[in-house]
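Residue 752 in my numbering sits at position 752 of the sequence shown, with consecutive numbering throughout. Every residue, glycine too, gets a C-beta built ideally from N, C-alpha and C. Input: a single structure, listed below in structure tokens.
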Amino acid sequence: MMFQFPNQNRKSAQRVQLAQRPLHQAYGALSFLFVVALSAVVVVGVIQAAPAVTQYGVGWFDNSGKSGTAYQQIGNDSPVQGPTGPDQIGFERQLFALINKARIDKGLAPLRLNETLTRAARTHSKDMVAAQKLDVTDSLGRTPVQRADDSGYPQAAVVIETVAAGFGKADQVLSALTGNANTLDTLLNAEVNEIGVGYAYGKDDRNFRHYWTVDLGRRSGLAYTIVVNTGAESTTSQQVTLHIGGKGWARQMQLANSPDFSGVNWENYSEIKTWNLTEGTGPKKIYVKLRGAGDQETLAIGEIALVPAAKGAKPGPHANYSYQAPRPANVRVLAGDVTTSGGTTSGGTVTLTNAPSASSLAPSYYQTSEYMLGKVAVGIVMPQCDGSIDRCSETWNSSTMDQVYNQVQAAMNWWNTRMGGRVTFVYDQRRQAATGYEPINHPQSDEGLWIGDTLSRMGFSGTSYFEQAYAYTNWLRQTKQTDWAFVIFVANSVNNASGTFSNGYFAYSYIPGPFMVTTYDDDGYGITNMGSVIAHETGHIFGALDQYSGAGVACSTASGYLQIQNQNSQLSCQSNQDSIMRGGVSPYVNNLVDGFALGQLGYRVSNANGIPDPVNTKPAIVLGSVPSSVSGSVTVNGTAFDQPYTPPTGDSITINNITSVQYRVDGGAWLNASPADGSATFDKVSQNFTFTSALTSGSHTIEIRATNRVNNTSDSVSFSVSSTSSGTTTTSATATPVPPTATPVPPTATRVPPTATPVPPSPTPTRVPPT
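Right, dumping it as structure tokens:
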């Protein structure tokens, strides 16, 4: 069979023709394999039913910047007419393993999987799907080097790439890539030490349908890598094999399971070394310090997850993580602060001032869980794979979803009791929310793929999956009429061997919000103890820090709206109490949370009235222009607003709505003013009011006061006015303030998020095993 090289796809006729013979040889090898496997195909009888592609090909971009593509038109007997549908994570993992094996077989070091290069590779494969074209240059005209730089792999020493299309299996891709001289040179390049593999499926593409990108690179400087078990994500054995970079430069090395290298001696450099991981399941890190010429030193870190051979094993001390939420530096969107210009008075002296608007006082778009007081909406999202991107392995049913909801509700009830009833929760369940991905089969670092896809299908858009999450949490606040909101994403793991994501993670959260992620099994905790995991992670959502020793959170580290120090950390701090933020099941079962964690959540009481500081606020009143003389009646306009509790750092915010505004004339009965915006009740943290009062002839004193949702009342504002004639006396029932347990209504102002994409967070370890 002769090759066809369409002119529009040629980079260089000379370079493309170099690929003709090797690719033809690869096709011949594949044809032979196809004949061998034909009997199995006949038995299964699926090839005839599989949608056919019309061609396949490979492409390359080498370190000199040269590039090219080679194609082959195929017939019905083509070996690439496999019965495979899409399986992004499975295909990528298979090809990565095959490439490393091929390199080891040739005496080269295996490559370390890099998240940034993976992201770049996936993006390019999707771009090829959209264009229905095999190319190393994307639709924006960017080369692999430019795309890697834009993805966050800047100023690399080396970035090279191979692409392939039309192949429905990883082993077919490898055969084609190793059968072409140009792509083979790329795969076996000795200068690279990191790799990213991306696969995308074009359902409606009749040419190739399957698109593959392999990006390889090496960072500038002394950028060496540690590859554990030839790049495996997980292992069931504590003993692993390390491939240590630095060959030809490093003379000595130190190895440790912790970054302090305490008591570790230098030893002669060795490229391959057997190593023992720490006990307990979960993500593991191996720290290697290399010393080379001129006694220069550099640090390299290897990673792998130690997973149980079967479900139910006790998780290790670093099996769970928390992250700092990637919010914008300025979480408040500037709004007009003036609603009414006028004066505050105490006893008749008016001082001109400005009344702040509701949008400048209430929590902003990005402030979705600043303290655990008030009313909270909890979105419970249980994604269901539909097979459009990954091969599905899990299926939710009513029983498993009910178990999740019951455990979440139990955890929220636990917090309601711990907070003295001053926090309540409502729920929004998204059962079997559709996604093309199978979340549990991915590493934690892939969360953006399935979370973004799930939220998109739920109708929430954004420039990143964090922006989508903020869109959902703000929708929850508005529709559920709550002060705060956060989301719990639960990955089904019923059929998963370990109950964890592929790299050992099983539960983690962002501080302060907008979401947490957990698996159904929560590793060794199991579904029956999910409540303890959810309770711990909810603490993070509202600002509480980890306290177990392995997390390494210092006693003086402050967090939360009140910026309370972490003085119950197991690092010889002021307090040493068992607590939910130390992790495990025991604190949950025994209802234990320490005072420092409560303070980080906002529950600190400094006043005898027993109201926690962040909501122990006092309203104030600003009047509009008031006349000195009227005839028979006076109309008064003004603004009542709550005055936030001022934290040590950050924005001052309040969730205390104004619940009533009252006035009285000459010390008489208190009467109700009305909201000026036509609302039936006062229900905002800053709200205009109005009233008209009939007056008898003579001089009068009018007093005005406001009450907020915790029943705190403002200082009275008063002014004097003279009436030249008598009007009809107006009376009204005395207003009754709304008690502290009243359900608040959130501010109506909606923030427009900035267009900047948040920077991905850095992890901080957080959990101890159940007891």
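**OP:** Tell me whether Pro154 is buried or exposed, calling it buried when 16 or more other Cβ atoms sit within 10 Å of its Cβ.
**Re:** exposed
Original post:
Between Thr617 and Ile655, what straight-line distance do the alpha-carbon atoms span, to the nearest angstrom?
Top reply: 10 Å
Subject >> Selection from Phe682, Ser679, Ser652, Ala640 that minimises the alpha carbon distance to Arg705 >> reply: Ala640
**OP:** Measuring alpha carbon to alpha carbon, tell me which of Gln563, Asn672, Ser556, Gly584 ends up nearest Ser575.
**Re:** Ser556
Original post:
Does the beta carbon of Leu623 fall short of 7 Å from some heavy atom of the ligand ADP?
Top reply: Absent from the structure shown: the ligand ADP. Ligands present: none.
**OP:** In the DSSP assignment, find the beta strand (DSSP E) that holds Asn100 and state where it starts and stops.
**Re:** Element bounds for Asn100: not the beta strand (DSSP E) but the alpha helix (DSSP H), 88-105.
**OP:** Report yes or no: do the segment 497-505 and the segment 390-397 share at least 3 C-beta pairs separated by less than 8 Å?
**Re:** no
**OP:** My understanding is that Glu161 touches Val197, with C-beta atoms under 8 Å, so please give their C-beta distance in whole angstroms.
**Re:** Wrong, their Cβ atoms sit about 11 Å apart, outside the cutoff.
Original post:
Using 8 Å as the Cβ pair cut-off and three pairs as the minimum, do the segment 458-468 and the segment 407-423 touch?
Top reply: no
**OP:** Under the assumption that Thr435 contacts Asp453 (Cβ atoms under 8 Å), give the Cβ distance between them as a whole number of angstroms.
**Re:** 5 Å
Original post:
Between the C-alpha atoms of Tyr508 and His536, what's the straight-line distance to the nearest angstrom?
Top reply: 10 Å
Subject >> Distance between Ala669 and Gly599 (C-alpha atoms, nearest Å) >> reply: 41 Å
Original post:
Rounded to a whole number of angstroms, what is the C-alpha to C-alpha distance between Phe691 and Val636?
Top reply: 6 Å
Original post:
Do the CB positions of Tyr548 and Gly583 come within less than 8 Å of each other?
Top reply: yes
Original post:
Can you list the beta strand (DSSP E) stretches of 3 or more residues lying completely in the segment 174-198, in chain order?
Top reply: Correct list: empty.
Original post:
Nearest-angstrom Cα distance between Ser631 and Val661?
Top reply: 24 Å
Subject >> Nearest-angstrom Cβ-Cβ length linking Thr241 and Asn229, presumed shorter than 8 Å >> reply: 6 Å
Original post:
Does the count of Cβ pairs from the segment 201-217 and the segment 249-263 closer than 8 Å reach three?
Top reply: Touching, no, given that fewer than three Cβ pairs across the two stretches are closer than 8 Å.
**OP:** Following the continuous beta strand (DSSP E) through Lys375, name the residue where it begins and the one where it ends.
**Re:** 374-385
Original post:
For Ala309, which residues from the same chain have a beta carbon less than 6 Å from its beta carbon, with the 5 sequence-adjacent residues on both sides left out?
Top reply: Answer for Ala309: Thr236, listed in chain order.
Original post:
Would you say the segment 675-691 touches the segment 587-603, given that touching needs at least three Cβ pairs under 8 Å?
Top reply: no
**OP:** Tell me whether Tyr211 sits in a helix, a strand or coil according to DSSP, three-state version.
**Re:** strand
**OP:** Between the Cα of Gln407 and those of Thr538, Asn268, Phe167, spot the shortest distance and give me the residue it belongs to.
**Re:** Thr538
Subject >> Extent of the continuous alpha helix (DSSP H) to which Ile160 belongs >> reply: Premise fails: Ile160 lies in the beta strand (DSSP E), 158-165, not in any alpha helix (DSSP H).
**OP:** Taking Gly374 and Ile488 to be in contact with their CB atoms under 8 Å, please state how far apart those CB atoms are, rounded to whole angstroms.
**Re:** That belief does not hold up - the Cβ atoms of Gly374 and Ile488 are roughly 19 Å apart, past 8 Å.
Original post:
Leaving out the 5 sequence neighbours to the left and right, which residues in its chain are closer than 6 Å to Gly727 when beta-carbon positions are compared?
Top reply: Gly632, Ser633, Ala694, Leu695
Original post:
Considering Met253, what are the terminal residues of the beta strand (DSSP E) in which it resides?
Top reply: Where Met253 is concerned, the enclosing beta strand (DSSP E) stretches over 252-256.
Subject >> Contact between the segment 141-148 and the segment 98-109 (3+ Cβ pairs under 8 Å) >> reply: no
**OP:** Spatial neighbours of Asp578 within its chain, please: CB distance less than 6 Å, with the 5 preceding and 5 following residues excluded, ordered by chain position.
**Re:** The beta carbon of Asp578 is closer than 6 Å to those of Pro587, Leu592 in its chain, skipping five residues each way along the sequence.
Original post:
Helix, strand or coil: how does DSSP classify Glu233 here?
Top reply: coil
Original post:
Rounded to a whole number of angstroms, what is the C-alpha to C-alpha distance between Ala148 and Thr118?
Top reply: Ala148 and Thr118 have their C-alpha atoms spaced approximately 10 Å apart.
Original post:
In chain order, which beta strand (DSSP E) runs of at least 3 residues are fully inside the segment 554-594?
Top reply: none
Original post:
What separation, rounded to the nearest whole angstrom, lies between the Cα atoms of Gly202 and Arg431?
Top reply: 28 Å
**OP:** From the DSSP output, in three-state form, read off Phe34 for me.
**Re:** With a pLDDT of 35 at Phe34, under the threshold of 50, the modelled position of that residue is not reliable, and the figure given next carries that caveat. Phe34: helix per DSSP, three-state reduction.
Original post:
So what's Met516 in DSSP terms, helix, strand or just coil?
Top reply: Strand, per DSSP.
**OP:** For Glu267, count neighbouring C-beta atoms within 10 Å of its own C-beta (all shown protein chains included) and say buried if the count is 16 or more, exposed if not.
**Re:** exposed
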